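Visitor: One structure coming up, written as structure tokens, with questions to follow.
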Ligand code: MIC
Ligand code: SF4
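So, in structure tokens, the structure goes:
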């Protein structure tokens with residue numbers, strides 16, 4: 001039986017292990033990326049690992065999230081990150097250059113290579129055939145310093161696209177449709193590999209939109225073949241030398257197949273408050289819109305924004321609507337400026353923002369109370385926009401631009417009067433180099449640390465018995481935004497875990513912080529897909545700081561589980577579904593750990609019940625927990 005693209009890349013890059021589904025594998029990493037809200041932890045941990053140089057071909061540190069500098073904190077973080085770049089010879093992308101995933105696709109993505117990034121949307125580069133995986137900060141520090149990433153060989157789902165999109169329907173509608181079918185946990189432990197004649201009509205940036213939101217499915221990554229469209233894109237970026245053709249074998253083995261007929265798709269919308277709460281735009285009437293926000297790593301490419309400009313040209317944004325547009329990169333912004341598209345947007349009444357994440361992570365533009373906000377972004381978790389009473393809907397750039405003119409949500413199909421049938425491409429993309437600094441390795445470079453940068457917490461080796469109270473029981477699909485929220489006020493605390501811990505689970509249970517202090521930590525009980533969403537390892541470091549020693553859940557999201565393990569917090573799953581129901585916030589548990597086994601018994605001293613739990617990880621993961629987390633493990637603490 002032949003190989004999928006995924007298994008071909010794993011075979012090519014494996015250092016250790018067998019490429020057999022479910023097996024543990026060590027993968028050579030070619031590139032790493034970090035962004036600023038996870039980057040400070042990555043680099044603090046890199047320094048802790050005590051290495052002197054990087055072990056990857058290319059490492060890039062992007063400044064793109066924390067660009068609202070209300071106090072000294074964000075600027076201090078940036079100065080720290082830049083000083084690490086100087087010491088290790090890491091490419092530094094200054095604030096204003098744009099969003100890490102858009103920039104990485106433009107400048108560095110190489111088909112068939114492996115990229116590990118400290119951001120969950122790292123799979124965006126899968127649009128150019130790169131095997132790009134989002135990971136926790138410590139995993140990225142290890143990849144950068146040791147040149148490898150350890151993972152379980154995933155299952156592969158073949159998503160076969162047939163037909164062609166109708167005019168006014170975009171790549172975003174494809175991935176929203178897939179989210180409707182598979183849900184936010186449907187991709188866990190899978191790589192989504194795209195094929196079929198339908199992919200031929202999709203450009204690399206459209207493919208990147210689809211791979212980007214594979215993160216919302218919980219997938220390990222998503223990938224397209226590297227074909228003529230990939231060559232075309234790289235060539236127009238002046239990077240034809242980076243092209244490698246990459247296809248699955250005709251008789252490749254797949255664990256599952258999903259067929260999508262593009263010609264049947266209509267504009268889609270993800271309703272509040274989950275990216276999989278998807279219906280056809282035509283199926284909901286209205287609603288009246290207060291804010292439209294276009295941009296993010298999902299939909300801020302040149303072609304996305306040219307489509308928006310075409311729709312806006314010669315029209316006016318509805319009076320009550322605030323339309324913001326954040327370009328994905330400085331190059332996109334320059335091209336739109338040079339060709340007059342920005343003028344068309346301004347004349348229509350749009351607010352042009354910096355090339356950065358911006359409103360997507362609540363860095364400004366929080367809408368008014370109870371607002372309806374239409375966004376071309378990838379996440380609409382409650383409160384993420386900065387206004388907890390707001391209702392955020394996720395749509396394509398076509399639907400967003402058209403609705404901003406109408407003042408209510410409406411499908412653009414057949415209404416705009418402009419030709420939306422083709423991707424708008426320049427003959428060659430402009431390449432703005434002004435914001436990239438290529439530092440050479442300089443082991444003597446001084447590391448600069450401002451007062452907001454505090455040491456990260458370290459765990460202690462695991463004991464054979466753990467005792468404590470259940471201090472929180474949650475439902476399914478808890479996000480890392482629920483665990484450690486992000487907003488313009490909180491993101492500056494990303495290098496200050498003690499301060500950030502005061503906001504842990506704030507929107508779910510404002511008493512969580514006080515209760516965990518009074519109880520001196522304890523256990524958290526979660527439902528399915530616990531920890532979905534971002535890669536932020538703060539969602540593990542903060543609970544660690546508060547004394548949490550185990551999270552017992554029905555199932556875990558991949559990156560968060562890795563972060564718990566690296567922090568030395570036990571991720572445990574229930575052997576029996578009913579036990580989740582029996583356990584409560586009054587439970588006082590004793591966990592009995594037998595180091596020879598992954599089965600762990602919990603005795604509930606409140607009701608006398610015994611629960612059979614299982615450690616949800618590999619043998620090596622268990623050794624990491626036993627050592628008290630990955631840093632201690634790597635230091636050889638056992
Ligand atoms: C996000 O979109 O939630 C983020 C902010 O980019 C995160 C990273 C973080 O929390 O810093 C992600 O997706 O990994
Ligand atoms: Fe930035 Fe939003 Fe993309 Fe996260 S999802 S990297 S915040 S644009």
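In the numbering used here, the protein residues as written are 1 to 638. Just so it is clear, CB atoms sit at the ideal spot from N, CA and C, and this is done for glycine as well. Given the structure is predicted, the values throughout are model-derived calculations rather than measurements.
Which residues does DSSP pair with residue 468 in a beta bridge?
Guide: Within the chain shown, residue 468 is the residue found at index 468, counting from 1. The partner list for residue 468 (beta bridge, DSSP) reads 589.
Visitor: Count the other C-beta atoms from every protein chain shown that fall within 10 angstroms of the C-beta of residue 379, then say buried if there are 16 or more, exposed otherwise.
Guide: Working through the chain shown from its first residue, we reach residue 379 at position 379. So residue 379 ends up on the buried side.
Visitor: In whole angstroms, what is the alpha-carbon distance linking residue 85 and residue 547?
Guide: By one-based count along the chain shown, residue 85 stands at place 85. By one-based count along the chain shown, residue 547 stands at place 547. Answer to the nearest angstrom: the Cα atoms are 33 Å apart.
Visitor: Measure the Cβ-Cβ separation of residue 624 and residue 568 and say whether it is below 9 Å.
Guide: In the chain shown, counting from the first residue as 1, residue 624 sits at position 624. In the chain shown, counting from the first residue as 1, residue 568 sits at position 568. A contact, by the Cβ cut-off of 9 Å.
Visitor: Helix, strand or coil for residue 635? Go by DSSP, reduced to three states.
Guide: On the chain shown, residue 635 is found 635 positions in, with the first residue counted as 1. It is coil, neither helix nor strand.
Visitor: Compute every distance between the C-beta of residue 294 and the non-hydrogen atoms of ligand 2, then say whether any falls below 8 Å.
Guide: Taking the chain shown and counting its residues from 1, one reaches residue 294 at position 294. Flag unset: Cβ of residue 294 not near ligand 2.
Visitor: Measuring from the CB of residue 481, is there a heavy atom of ligand 1 at a distance below 8 Å?
Guide: Residue 481 sits at position 481 when you count from the first residue of the chain shown. Residue 481 Cβ: within cutoff of ligand 1.
Visitor: Restricting to runs no shorter than 3 residues, where is the beta strand (DSSP E) found entirely within the region 400-445?
Guide: Qualifying beta strand (DSSP E) stretches, in chain order: 436-438.
Visitor: Tell me, please, which residues DSSP counts as bridged to residue 59.
Guide: Sequence index remark: in the chain shown, residue 59 carries index 59 (1-based). Answer by DSSP bridge pairing, in chain order: 32.
Visitor: Buried or exposed for residue 482, please, with buried defined as at least 16 other CB atoms from any protein chain shown within 10 angstroms of its CB.
Guide: Numbered from its first residue, the chain shown carries residue 482 at position 482. Answer is buried; the Cβ neighbour count reaches 16.
Visitor: Going by CA-CA distance only, name the one from 68, 28, 10 and 27 that's closest to residue 364.
Guide: Locating residue 364 in the chain shown gives position 364, counting from the first residue. If we check each option's Cα against that of residue 364, 68 comes out closest.
Visitor: Ligand 1 and residue 143: does the residue's C-beta get closer than 8 Å to at least one heavy atom of that ligand?
Guide: Numbered from 1 along the chain shown, position 143 holds the residue referred to as residue 143. False, no ligand heavy atom lies under 8 Å from that Cβ.
Visitor: Output the residue ranges of the beta strand (DSSP E) runs that lie fully inside the region 292-330 and measure 3 residues or longer, sorted by chain position.
Guide: Complete beta strand (DSSP E) runs here, min 3: 322-325.
Visitor: For the beta strand (DSSP E) containing residue 167, name the first residue and the last one.
Guide: By one-based count along the chain shown, residue 167 stands at place 167. Looking at the DSSP string, residue 167 is not in any beta strand (DSSP E), and its letter there is neither H nor E.
Visitor: Return helix, strand or coil for residue 556, following the three-state DSSP convention.
Guide: Here residue 556 refers to the residue found at position 556 when the chain shown is read from its first residue. Note: residue 556 maps to strand in three-state DSSP.
Visitor: State the DSSP-derived secondary structure class of residue 447, mapped to helix, strand or coil.
Guide: The residue labelled residue 447 in the question sits at position 447 within the chain shown. Note: residue 447 maps to coil in three-state DSSP.
Visitor: What are the start and end residues of the alpha helix (DSSP H) that includes residue 181?
Guide: As a working mapping, residue 181 is identified with position 181 in the chain shown. Its alpha helix (DSSP H) spans residues 171-182.
Visitor: So, residue 615 versus residue 570, is the Cβ gap smaller than 9 Å?
Guide: On the chain shown, residue 615 is found 615 positions in, with the first residue counted as 1. On the chain shown, residue 570 is found 570 positions in, with the first residue counted as 1. Taking 9 Å as the Cβ cut-off, residue 615 and residue 570 qualify as a contacting pair.
Visitor: Can you check DSSP and say which residues form a bridge with residue 625?
Guide: As a position in the chain shown, residue 625 is number 625, starting the count at 1. DSSP output for residue 625 lists no bridge partner at all.
Visitor: Could you pull out every residue in the same chain whose Cβ sits closer than 6 Å to the Cβ of residue 404, ignoring the five residues on either side in sequence?
Guide: Counting from one through the chain shown, the residue named residue 404 turns up at place 404. Answer for residue 404: 292, 317, 321 and 323, listed in chain order.
Visitor: Can you tell which of 298, 176 and 132 has the C-alpha that lies nearest to the C-alpha of residue 223?
Guide: To locate residue 223, count along the chain shown from 1; it is residue 223. The shortest Cα separation from residue 223 among 298, 176 and 132 belongs to 132.
Visitor: Would you be able to state if there are at least three C-beta pairs under 8 Å between the region 19-39 and the region 530-549?
Guide: The region 530-549 vs the region 19-39: in contact.
Visitor: Since residue 198 contacts residue 161 with CB under 8 Å, what's their CB separation in whole angstroms?
Guide: As a working mapping, residue 198 is identified with position 198 in the chain shown. As a working mapping, residue 161 is identified with position 161 in the chain shown. So it is a contact: roughly 3 Å between Cβ atoms.
Visitor: If we count the other Cβ atoms within 10 Å of its Cβ and call it buried at 16 or more, is residue 460 buried or exposed?
Guide: As a first step, residue 460 is located in the chain shown; it is residue number 460 there, counting from the start. It counts as exposed.
Visitor: Quick one: residues in its chain with C-beta nearer than 7 Å to the C-beta of residue 44, no 5 flanking neighbours on either side, listed in chain order?
Guide: Counting from 1 along the chain shown, the entry for residue 44 is found at position 44. Taken in chain order, the residues that qualify are 456.
Visitor: According to DSSP, what are the bridge partners of residue 195?
Guide: Residue mapping note: residue 195 aligns to position 195 of the chain shown, counting from 1. DSSP output for residue 195 lists 160 as bridge partner(s).
Visitor: Compare the beta carbon distance of residue 411 and residue 282 with 9 Å and say whether it is the shorter of the two.
Guide: Walking along the chain shown from the start, residue 411 turns up at place 411. Walking along the chain shown from the start, residue 282 turns up at place 282. Yes.
Visitor: How close, in whole Å, do the beta carbons of residue 112 and residue 12 come, if the pair is a contact with beta carbons under 8 Å?
Guide: Residue 112 sits at position 112 when you count from the first residue of the chain shown. Residue 12 sits at position 12 when you count from the first residue of the chain shown. The Cβ separation is near 7 Å, so the contact holds.
Visitor: Locate the alpha helix (DSSP H) running through residue 74, then write down its first and last residues.
Guide: Along the chain shown, read from residue 1 onward, the residue named residue 74 stands at position 74. Per DSSP, residue 74 belongs to the alpha helix (DSSP H) from 72-88.
Visitor: Could you check whether the Cβ of residue 535 sits closer than 8 Å to any heavy atom belonging to ligand 1?
Guide: Indexing the chain shown from 1 puts residue 535 at position 535. Yes, the beta carbon of residue 535 sits closer than 8 Å to at least one heavy atom of ligand 1.
Visitor: For residue 122 and residue 212, I'd like the C-alpha separation in whole angstroms.
Guide: For the purposes of this step, residue 122 is taken as the residue at position 122 of the chain shown. For the purposes of this step, residue 212 is taken as the residue at position 212 of the chain shown. When rounded, the distance between both Cα atoms is 7 Å.
Visitor: Look at the alpha carbon of residue 425 and the alpha carbon of residue 270, and state the distance between them as a whole number of angstroms.
Guide: Walking along the chain shown from the start, residue 425 turns up at place 425. Walking along the chain shown from the start, residue 270 turns up at place 270. Using only the alpha carbons, I get a separation of about 28 Å.
Visitor: Among 17, 163, 393 and 360, which residue has its Cα nearest to the Cα of residue 370?
Guide: Within the chain shown, numbered from 1, the residue matching residue 370 stands at position 370. Of 17, 163, 393 and 360, the residue nearest in Cα terms is 393.
Visitor: Just confirm the distance between the C-beta atoms of residue 188 and residue 607, as a whole number of angstroms; I'd bet it's less than 8 Å.
Guide: On the chain shown, residue 188 is found 188 positions in, with the first residue counted as 1. On the chain shown, residue 607 is found 607 positions in, with the first residue counted as 1. In fact, because the Cβ distance is near 31 Å, the residues do not count as touching under 8 Å.
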